[in-house]
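Asker:
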Amino acid sequence: MRGKTLIAPSVLASDFSRLGDEVEAIDRAGADWIHLDVMDGHFVPNITFGPPVIKAIRNRTAKVFDCHLMIAPADPYLAAFADAGCDIITVHAEAGPHLDRSLQAIRALGKKAGVSLNPGTPENVIEYVLDRLDLVLLMTVNPGFGGQAFIPSVVEKVRRVKAMIGTRPIHIEIDGGVTPETAPQLAAAGADVLVAGSAVFRGDGVEAYRKNIESIRTAADLAVGRIV
Ligand code: DX5
Ligand code: ZN
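Just so we're aligned, residue 12 is where the sequence shown starts under our numbering, counting upward by one.
(1) Using the rule of at least 16 other Cβ atoms within 10 Å of the residue's Cβ for burial, across every protein chain shown, is Phe-92 buried or exposed?
(2) Quick one: residues with CB closer than 5 Å to any heavy atom of ligand 2, in chain order, please.
(3) Chain D beta carbons: is any one of them nearer than 8 Å to that of Leu-114?
(4) Can you find the residues in the same chain that come closer than 7 Å, C-beta to C-beta, to Leu-146, ignoring five residues on each side of it along the sequence?
(5) Which value, in whole angstroms, describes the spacing of the CA atoms of Asp-232 and Pro-108?
(6) In angstroms with no decimal places, state the Cα-to-Cα distance between Glu-35 and Phe-76.
(7) For Pro-154, tell me which candidate among Val-22, Val-169, Ala-90, Ser-127 has the shortest Cα-Cα distance.
(8) Take the Cβ of Asn-223 as the centre, count every other Cβ of all protein chains shown within 10 Å, and call the residue buried at 16 or more, exposed below.
(9) Please list the segments of the beta strand (DSSP E) lying wholly inside the region 151-216, counting only runs of 3 or more residues, in order along the chain.
(10) Can you tell which of Gly-188, Glu-138, Val-169, Arg-112 has its C-alpha closest to the C-alpha of Ala-19?
(11) Tell me whether Asp-145 sits in a helix, a strand or coil according to DSSP, three-state version.
(12) Hey, is the region 14-32 in contact with the region 200-207, meaning 3+ C-beta pairs nearer than 8 Å?
(13) Looking at the secondary structure, which residues open and close the alpha helix (DSSP H) in which Val-64 lies?
(14) Reducing DSSP to helix, strand and coil, say where Thr-16 ends up.
(15) Please tell me whether, using a cut-off of 7 Å, the distance from the CB of Leu-23 to the nearest non-hydrogen atom of ligand 1 is below it.
(16) In terms of residue numbering, what span does the beta strand (DSSP E) encompassing Gly-125 cover?
(17) What does a CB cutoff of less than 7 Å around Val-49 pick up in its chain, not counting 5 residues either side in sequence?
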């Protein structure tokens with residue numbers, strides 16, 4: 012049986028004027044990974060931050076930096092994100108024509124490689140790159156903004172990806188509209204990492220964030236019988 016569900020708070024929902032403090036707060040609140048949403052105003056209709064900002068917060072936590080690149084093209088910037096301190100670098104399958112090349116480039120930089128799929132993208136696009144993957148990030152909203160409504164049809168895709176992965180050591184991570192209400196069906200379908208932005212950065216500071224993280228994790232773990 013696998014361990015507890017990993018929770019990756021997305022700093023997109025944090026107070027950017029205190030970004031370093033917010034990263035420390037979610038670290039102390041029990042976040043497993045720190046999810047970093049990089050947007051370019053081209054692949055998605057929003058712009059966030061890039062390598063210099065990530066580098067600036069790297070010394071605020073030792074936890075895994077889980078970098079979700081919503082940029083096209085991604086390849087010219089992979090080295091910069093690796094240098095900034097990202098541990099996992101995830102590119103979108105829809106962001107470029109050479110997914111296999113992008114994944115090889117991430118691993119060549121010594122980082123874990125992930126691929127993300129938009130809600131409307133079928134899972135078969137990862138069939139021939141499975142052995143180059145450490146993580147599959149399935150979007151349960153259309154990427155670009157926090158606080159959007161969960162798209163339930165993706166739950167079936169989670170099941171299918173779980174079956175495709177078989178015994179390979181590949182994480183299935185979910186991003187978008189994750190709450191204690193949506194987490195159980197995702198965990199039951201095979202997700203082992205849940206990103207949450209607005210459901211974590213609610214209330215003020217470490218204790219509120221801890222409760223928010225714990226309630227998502229507990230809801231997920233109960234659904235797969237990890238808590239009795
Ligand atoms: C959306 C981002 C998400 C976002 C999730 O494009 O990739 O990581 O922060 O936000 P919530 O959890 O509020 O749906
Ligand atoms: Zn994300």
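The beta carbon of each residue, even a glycine, is placed where N, CA and C say it ideally should be.
Answerer: In short, the structure shows the following:
(1) Indexing the sequence shown from 1 puts residue 92 at position 81. Counting Cβ neighbours within 10 Å, Phe-92 comes out buried, since at least 16 surround it.
(2) Residues with their Cβ less than 5 Å from any non-hydrogen atom of ligand 2, running along the chain, are Asp-48, His-79, Asp-186.
(3) Looking at the structure shown, chain D is missing, and only one protein chain is on hand.
(4) Locating residue 146 in the sequence shown gives position 135, where the first residue counts as 1. Only Ile-99, Thr-101, Lys-123, Gly-125, Ile-181, His-182, Glu-184 meet the Cβ criterion.
(5) As a working mapping, residue 232 is identified with position 221 in the sequence shown. As a working mapping, residue 108 is identified with position 97 in the sequence shown. Looking at the two C-alpha atoms, the distance is approximately 37 Å.
(6) Numbered from 1 along the sequence shown, position 24 holds the residue referred to as residue 35. Numbered from 1 along the sequence shown, position 65 holds the residue referred to as residue 76. Roughly 13 Å separates the two Cα atoms.
(7) Locating residue 154 in the sequence shown gives position 143, where the first residue counts as 1. Taking only the C-alpha atoms, the option nearest Pro-154 is Ser-127.
(8) Along the sequence shown, one-based indexing puts residue 223 at 212. So Asn-223 ends up on the buried side.
(9) 182-186, 204-207
(10) Reading the sequence shown from its first residue, position 8 is the one you call residue 19. Closest by alpha carbon: Gly-188.
(11) As a first step, residue 145 is located in the sequence shown; it is residue number 134 there, counting from the start. Three-state DSSP puts Asp-145 in coil, outside helix and strand.
(12) They touch, by the three-pair rule.
(13) Within the sequence shown, the letter at position 53 stands for residue 64. Start and end: 62-68.
(14) For this step, residue 16 is matched to residue 5 along the sequence shown. Reduced to three states, the DSSP call for Thr-16 is coil.
(15) Locating residue 23 in the sequence shown gives position 12, where the first residue counts as 1. The answer is yes for Leu-23.
(16) In the sequence shown, the residue the question calls residue 125 occupies position 114. Here the beta strand (DSSP E) through Gly-125 covers 123-128.
(17) For the purposes of this step, residue 49 is taken as residue 38 along the sequence shown, with counting starting at 1. Taken in chain order, the residues that qualify are Thr-59, Phe-60, Gly-61, Cys-78, His-79, Leu-80, Met-81, Ile-82.
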